[in-house]
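Participant: Residue numbers (this note's numbering), protein chains in the order written: chain A, 1 to 811; chain B, 1 to 225. All C-beta atoms, glycine included, are put in the ideal place defined by N, C-alpha and C. Computed from a prediction, not measured in an experiment: that's the story for all the values here.
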């Protein structure tokens with residue numbers, strides 16, 4: 001079967017050419033404004049050309065027959081349409097700007113003006129996103145230059161590292177709502193379902209006026225595809241199988257509109273992933289199996305003047321923690337690292353069953369959004385969201401013990417209102433656009449365990465912002481200011497309170513005593529943030545962006561009050577309640593070029609972080625350096641302010657010569673970080689990463705389209721800049737990973753079936769990753785094959801039926 | 001090949017979708033209630049705050065008792081150990097006990113270890129000791145030997161009848177000072193195979209990494225005046 005398809009493809013390419021002398025010409029216009037779109041890349045089969053200033057294009061020597069025409073330009077959604085060529089043919093293409101989609105379909109994204117980003121940003125969608133289906137959230141995002149994964153010890157989970165920052169220093173927004181989970185632990189992976197995304201955008205760089213404080217590394221926006229407006233019922237189904245861990249993934253999304261209620265749309269979606277333990281080249285990683293499922297639904301109602309949308313989703317994950325992560329005394333821990341191979345590895349197996357230790361997390365998100373069009377004034381957006389994050393951690397215990405050893409429950413209410421004013425013409429070709437908004441949050445966290453770690457707390461915060469920009473055809477300038485306030489009241493139990501005040505890390509004056517002997521400690525913070533950015537379309541195919549920001553981050557509860565032993569690491573962690581606002585002064589410069597055969601993006605950044613809150617060892621000769629615990633003498637780590645600098649660069653390119661089926665792509669990313677106060681290096685800063693790939697696109701043959709084969713290699717350098725005093729083992733050596741992928745689409749009437757096969761770590765390289773918690777204990781997983789089957793289907797297209805009488809909602 | 005459905009089918013599918021969405025919303029509420037109940041779970045962990053050593057001289061004189069205690073658990077204040085002083089030329093029966101004094105009254109973990117004797121072992125090492133878990137050194141102040149095996153606490157179901165280490169024989173033989181280190185190792189079965197093996201003490205003596213997790217590791221100062 002496979003052989004015959006391959007043969008057919010060959011025959012397809014070798015078939016004698018028919019007389020190919022036709023010309024296809026046309027014009028690309030902006031669907032919303034009717035203005036011509038210049039510099040768009042038009043592809044017809046293997047040929048491609050860019051549109052000129054009037055949006056016009058011409059392709060010569062085209063063969064008669066049906067051709068797939070695609071039109072791409074970064075600011076627009078890629079247009080795909082079928083063109084029947086029979087003699088010289090004219091085509092008109094309407095390109096839908098991304099911003100318009102945000103305005104129109106995604107109901108409430110605070111400040112949906114989608115102001116032109118003056119920092120480096122990358123969006124995964126369409127084919128690029130489809131190729132990540134079945135991967136975890138962090139791995140899906142990690143294809144973007146400058147983004148890597150901080151891999152947790154639990155099966156397959158991790159969190160993104162953007163420009164050297166992870167966890168609390170990145171903002172994750174799901175459908176416009178800031179994700180609120182336990183993000184303080186290094187092994188707390190964000191509970192985000194990548195299947196729900198229609199696009200994932202990574203904005204790299206410090207500061208986010210619109211989305212709130214805390215963005216030191218960057219912002220990840222996970223946006224579901226818009227609810228349908230066209231009548232009918234359609235959906236997507238995916239089946240993914242992965243060899244390593246014998247993993248199976250199935251996902252389904254069905255969207256529909258209601259026949260009798262025009263403007264009413266709905267969505268149901270769900271997916272499930274089951275994986276057995278992964279295997280490193282030489283041994284299975286015992287107990288790394290996982291079970292993840294997601295389910296959700298949305299209802300939307302849209303009229304000309306307003307829109308409302310309700311949505312609910314639940315994420316569940318249960319992931320085993322590798323048996324190789326043992327709880328040990330500092331001496332035995334060092335011996336295990338020295339040994340290089342986990343103790344008892346001969347007994348390791350790869351099973352679906354998840355045993356202690358494991359983590360179980362449920363995350364619920366319920367949201368209501370509304371948008372009102374105000375005649376001539378602009379648009380008003382409002383969002384309310386409730387998130388309930390329930391995390392349970394189960395340790396290895398004696399048989400008599402049931403239930404989790406650590407339980408955390410974080411409940412967050414958020415409300416946001418934003419007003420986008422209508423563009424104000426300042427003079428000919430010069431517009432003022434902008435958005436202003438306010439938001440508030442109420443959060444309650446409950447911690448339950450026999451040991452102290454973090455206190456329960458209630459947090460209230462609020463912020464207000466204004467973001468304005470001046471827009472001309474070739475130049476944009478944007479500035480914004482934001483003010484945030486936060487008050488957190490932490491309830492320390494008696495033991496915790498006495499321990500923290502007794503060691504001088506908590507001032508009793510900041511707290512009032514509670515009847516049970518504990519302390520109620522209230523800490524208020526407030527700080528402004530600001531940004532200034534420019535974008536210049538310097539010449540055709542050249543865009544320059546510059547950005548300056550000052551952004552504040554308030555200390556998290558663990559940074560103030562952590563008091564306990566980190567699971568699996570022989571470290572006693574302590575907070576410091578005297579810590580104040582961490583301020584980042586950020587700058588970045590980005591250049592993008594786009595020519596007929598070459599597209600590049602280059603970005604450099606330099607951030608200075610004033611009072612960067614850093615988790616580092618206390619001097620062992622100091623009063624707090626060592627702590628005698630029941631499991632041995634532990635090195636004490638504490639959160640302390642240091643001044644830090646982060647700088648680096650990313651570069652990405654695609655060479656795609658017109659009329660050639662082969663393209664070459666590459667990327668590199670480099671980050672450097674220094675503790676300026678102590679003239680040292682910081683830990684967990686990802687080493688340099690370099691990637692090179694070659695893609696061959698199949699010519700269309702039979703009904704198979706968008707076929708490709710690609711081979712790529714990633715080289716990850718050895719981290720030479722490290723501080724062994726703040727770490728347990730030196731960084732692992734450099735490694736090289738080989739990957740390959742192939743895919744094809746098969747249209748079946750209204751449906752599109754796409755198939756993908758991807759291989760990872762094909763040389764079965766043994767390696768350890770500097771930014772993985774597994775690196776102290778075991779090797780990373782070995783080779784894997786990933787087979788992906790996706791079906792885009794339309795169950796009903798009433799437009800084709802006689803009964804189909806529907807309003808079409810176009811602007 | 002394309003799948004076309006009648007409009008009637010589509011309508012029913014729409015209602016199905018709505019029903020599913022409502023069911024999900026309902027499920028949310030249920031989940032919340034369940035979680036509230038879930039909150040009443042016990043959060044028992046293997047908290048040990050105290051390791052108590054009772055050295056009873058063979059022949060009936062008063063016992064020497066020394067404890068390591070970390071009364072506020074991990075974090076907070078550092079724990080501390082009492083010094084141990086033994087009489088030269090005396091042989092002691094040593095009993096090791098593990099307590100959780102965060103509970104009131106204190107929880108005796110020793111009984112749980114006895115119940116799971118086949119998954120636990122106490123190892124004695126330190127510069128003051130010569131025994132199964134240390135290198136041979138006739139100069140050390142005390143000599144250590146195990147005085148119990150698994151069958152003392154219950155039927156020995158798995159493998160050999162290995163020492164547990166809740167009872168020991170300590171012989172104070174020469175004058176001297178050194179450390180006396182008590183480690184409680186938890187060795188649960190791994191994929192159906194026992195992790196507790198006969199050579200565990202020898203592995204510790206050789207400085208090799210041990211299987212299982214550490215439940216307690218405390219160091220005492222021991223003197224034989």
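Identify, in the order they occur along the chain, each residue of the same chain with its Cβ nearer than 7 Å to the Cβ of residue 10 of chain A, setting aside the five sequence neighbours on each side.
Facilitator: Against the first chain, residue 10 of chain A aligns to sequence position 10. With a pLDDT of 34 at residue 10 of chain A, under the threshold of 50, the modelled position of this residue cannot be trusted, and the question is left open.
Participant: Decide if the segment 244 to 254 of chain A is in contact with the segment 322 to 332 of chain A; the criterion is three or more beta carbon pairs, one per stretch, under 8 Å apart.
Facilitator: Counting Cβ pairs under 8 Å, fewer than three are found: no touch.
Participant: Verify the CB distance criterion: does residue 124 of chain B have a CB-CB separation below 8 Å to chain A?
Facilitator: Locating residue 124 of chain B in the second chain gives position 124, counting from the first residue. Not one chain A Cβ lies under 8 Å of residue 124 of chain B.
Participant: Using alpha carbons as the reference points, say which of A:486, A:190 and A:182 lies closest to residue 160 of chain A.
Facilitator: Against the first chain, residue 160 of chain A aligns to sequence position 160. Among A:486, A:190 and A:182, the Cα nearest to that of residue 160 of chain A is on A:190.
Participant: By the DSSP assignment, the alpha helix (DSSP H) with residue 482 of chain A in it spans what residues?
Facilitator: Mapped onto the first chain, residue 482 of chain A falls at position 482. Residue 482 of chain A -> not in any alpha helix (DSSP H); beta strand (DSSP E) instead, spanning 475 to 492.
Participant: Between residue 209 of chain B and residue 185 of chain B, what straight-line distance do the alpha-carbon atoms span, to the nearest angstrom?
Facilitator: Mapped onto the second chain, residue 209 of chain B falls at position 209. Mapped onto the second chain, residue 185 of chain B falls at position 185. Taking the straight line joining both Cα atoms gives about 12 Å.
Participant: List the residues of chain A that residue 211 of chain B touches, going by C-beta distances under 7 Å, in chain order.
Facilitator: The residue given as residue 211 of chain B occupies position 211 in the second chain. Chain A residues near residue 211 of chain B: 343 and 344.
Participant: Tell whether a beta-carbon distance below 8 Å holds between residue 605 of chain A and residue 143 of chain A.
Facilitator: On the first chain, position 605 is the one that residue 605 of chain A refers to. On the first chain, position 143 is the one that residue 143 of chain A refers to. In this structure, residue 143 of chain A does not lie closer than 8 Å to residue 605 of chain A by Cβ.
Participant: Residue 738 of chain A versus chain B: which residues are under 7 Å apart at the beta carbon?
Facilitator: As a first step, residue 738 of chain A must be located in the first chain, where it is residue number 738. Under the 7 Å cutoff, chain B gives no residues; its nearest Cβ is about 32 Å from residue 738 of chain A.
Participant: Can you tell me which of A:708, A:447 and A:652 puts its alpha carbon nearest to the alpha carbon of residue 145 of chain A?
Facilitator: Counted from its first residue, the first chain places residue 145 of chain A at position 145. That would be A:652, whose Cα lies nearest to the Cα of residue 145 of chain A.
Participant: Kindly indicate the opening and closing residues of the beta strand (DSSP E) around residue 661 of chain A.
Facilitator: Reading the first chain from its first residue, position 661 is the one you call residue 661 of chain A. Counting along the chain, residue 661 of chain A falls outside any beta strand (DSSP E), and DSSP gives it neither H nor E.
Participant: Any contact between the segment 520 to 533 of chain A and the segment 476 to 492 of chain A? By contact I mean 3 or more CB pairs, one from each, below 8 Å.
Facilitator: Touching, yes.
Participant: Any beta-carbon of chain A closer than 8 Å to the one on residue 42 of chain B?
Facilitator: For the purposes of this step, residue 42 of chain B is taken as residue 42 along the second chain, with counting starting at 1. In this prediction, residue 42 of chain B scores a pLDDT of 49, lower than 50, which makes its location untrustworthy; the coordinate-derived value is nonetheless stated afterwards. Residue 42 of chain B counts as touching chain A.
Participant: Could you tell me the distance, in whole angstroms, from the CA atom of residue 27 of chain B to the CA atom of residue 335 of chain A?
Facilitator: Indexing the second chain from 1 puts residue 27 of chain B at position 27. Indexing the first chain from 1 puts residue 335 of chain A at position 335. Note that residue 27 of chain B scores 36 on pLDDT, short of 50, meaning its location in the model is unreliable; the coordinates nonetheless yield the value given after this. So the alpha carbons of these two residues sit roughly 48 Å apart.
Participant: Just to make sure I have the definition right: I need the residues of chain B whose C-beta is within less than 7 Å of the C-beta of residue 629 of chain A. Which are they?
Facilitator: Within the first chain, residue 629 of chain A is the residue found at index 629, counting from 1. What residue 629 of chain A touches in chain B: 70, 74 and 79.
Participant: Enumerate, from N- to C-terminal direction, the unbroken beta strand (DSSP E) stretches of 3 or more residues contained entirely within the segment 157 to 233 of chain A.
Facilitator: The segment 157 to 233 of chain A contains these whole beta strand (DSSP E) runs: 158 to 162, 170 to 174, 199 to 204 and 218 to 223.
Participant: Take the Cβ of residue 298 of chain A as the centre, count every other Cβ of all protein chains shown within 10 Å, and call the residue buried at 16 or more, exposed below.
Facilitator: Along the first chain, one-based indexing puts residue 298 of chain A at 298. The residue in question, residue 298 of chain A, is buried, as its Cβ has 16 or more Cβ neighbours within 10 Å.
Participant: How many Å lie between residue 222 of chain B and residue 179 of chain B at the Cα?
Facilitator: Residue numbering aside, residue 222 of chain B sits at position 222 when the second chain is read from its first letter. Residue numbering aside, residue 179 of chain B sits at position 179 when the second chain is read from its first letter. Distance between the alpha carbons of residue 222 of chain B and residue 179 of chain B: 6 Å.
Participant: DSSP beta-bridge partners for residue 521 of chain A?
Facilitator: The residue you call residue 521 of chain A lines up with position 521 of the first chain. DSSP, once it has assigned bridges, lists A:490 and A:511 as partnering residue 521 of chain A.
Participant: Look up residue 148 of chain B in the DSSP assignment and say whether it is helix, strand or coil.
Facilitator: Residue 148 of chain B sits at position 148 when you count from the first residue of the second chain. If DSSP states are grouped into helix, strand and coil, residue 148 of chain B belongs with coil.
Participant: Classify residue 203 of chain B as helix, strand or coil using the three-state DSSP reduction.
Facilitator: Here residue 203 of chain B refers to the residue found at position 203 of the second chain. Three-state DSSP puts residue 203 of chain B in a helix.
Participant: Any contact of the segment 701 to 710 of chain A with the segment 737 to 755 of chain A, i.e. 3+ C-beta pairs under 8 Å?
Facilitator: Cβ pair count under 8 Å is three or more, so yes.
Participant: Examine the Cβ distances between the segment 617 to 636 of chain A and the segment 649 to 664 of chain A and report whether three or more of them are shorter than 8 Å.
Facilitator: In short, these stretches do not touch, since the Cβ pair count stays below three.
Participant: If we count the other Cβ atoms within 10 Å of its Cβ and call it buried at 16 or more, is residue 81 of chain A buried or exposed?
Facilitator: Here the question's residue 81 of chain A lines up with position 81 in the first chain. Result: exposed.
Participant: Does the segment 454 to 466 of chain A come close enough to the segment 557 to 576 of chain A to have 3 or more Cβ pairs within less than 8 Å?
Facilitator: Yes, since at least three Cβ pairs between the segment 454 to 466 of chain A and the segment 557 to 576 of chain A fall closer than 8 Å, the two stretches touch.
Participant: Rounded C-beta distance between residue 577 of chain A and residue 521 of chain A? I'm assuming under 8 Å.
Facilitator: For the purposes of this step, residue 577 of chain A is taken as the residue at position 577 of the first chain. For the purposes of this step, residue 521 of chain A is taken as the residue at position 521 of the first chain. Their Cβ separation, rounded to whole angstroms, is 7 Å, which keeps residue 577 of chain A and residue 521 of chain A in contact under 8 Å.
Participant: Can at least three beta-carbon pairs, one atom from the segment 746 to 766 of chain A and one from the segment 722 to 737 of chain A, be found at a separation below 8 Å?
Facilitator: The segment 746 to 766 of chain A, when compared against the segment 722 to 737 of chain A, does touch it at the 8 Å Cβ threshold.
Participant: Using the three-state DSSP reduction, which class does residue 732 of chain A fall into: helix, strand or coil?
Facilitator: As a working mapping, residue 732 of chain A is identified with position 732 in the first chain. Looking at residue 732 of chain A - three-state DSSP - the assignment turns out to be coil, as it is neither helix nor strand.
Participant: Run through the DSSP bridge pairs and tell me what residue 585 of chain A is partnered with.
Facilitator: As a first step, residue 585 of chain A is located in the first chain; it is residue number 585 there, counting from the start. Answer is A:550 and A:608.
Participant: Going by DSSP in three states, residue 569 of chain A sits in which element: helix, strand or coil?
Facilitator: Within the first chain, residue 569 of chain A is the residue found at index 569, counting from 1. In this structure, residue 569 of chain A counts as coil in the three-state DSSP scheme.
Participant: Reducing DSSP to helix, strand and coil, say where residue 162 of chain B ends up.
Facilitator: The count along the second chain starts at 1 and reaches residue 162 of chain B at position 162. Residue 162 of chain B falls in the coil class under three-state DSSP.
Participant: What residues of chain A sit near residue 188 of chain B, judged by a beta carbon separation below 8 Å?
Facilitator: Taking the second chain and counting its residues from 1, one reaches residue 188 of chain B at position 188. Chain A residues near residue 188 of chain B: 396.
Participant: I'd like to confirm the pairing. Which residues does DSSP put opposite residue 94 of chain A in its beta bridges?
Facilitator: Residue mapping note: residue 94 of chain A aligns to position 94 of the first chain, counting from 1. According to DSSP, residue 94 of chain A bridges with A:29.
Participant: Are three or more beta carbon pairs between the segment 360 to 373 of chain A and the segment 305 to 313 of chain A nearer than 8 Å?
Facilitator: Yes, the segment 360 to 373 of chain A touches the segment 305 to 313 of chain A.
Participant: Taking only three categories from DSSP, how would you classify residue 286 of chain A?
Facilitator: In the first chain, counting from the first residue as 1, residue 286 of chain A sits at position 286. Three-state DSSP puts residue 286 of chain A in coil, outside helix and strand.
Participant: Check each residue of the segment 222 to 240 of chain A: if its Cβ is closer than 8 Å to any Cβ of chain B, include it; give the result in chain order.
Facilitator: Those would be 232 and 233, in chain order.
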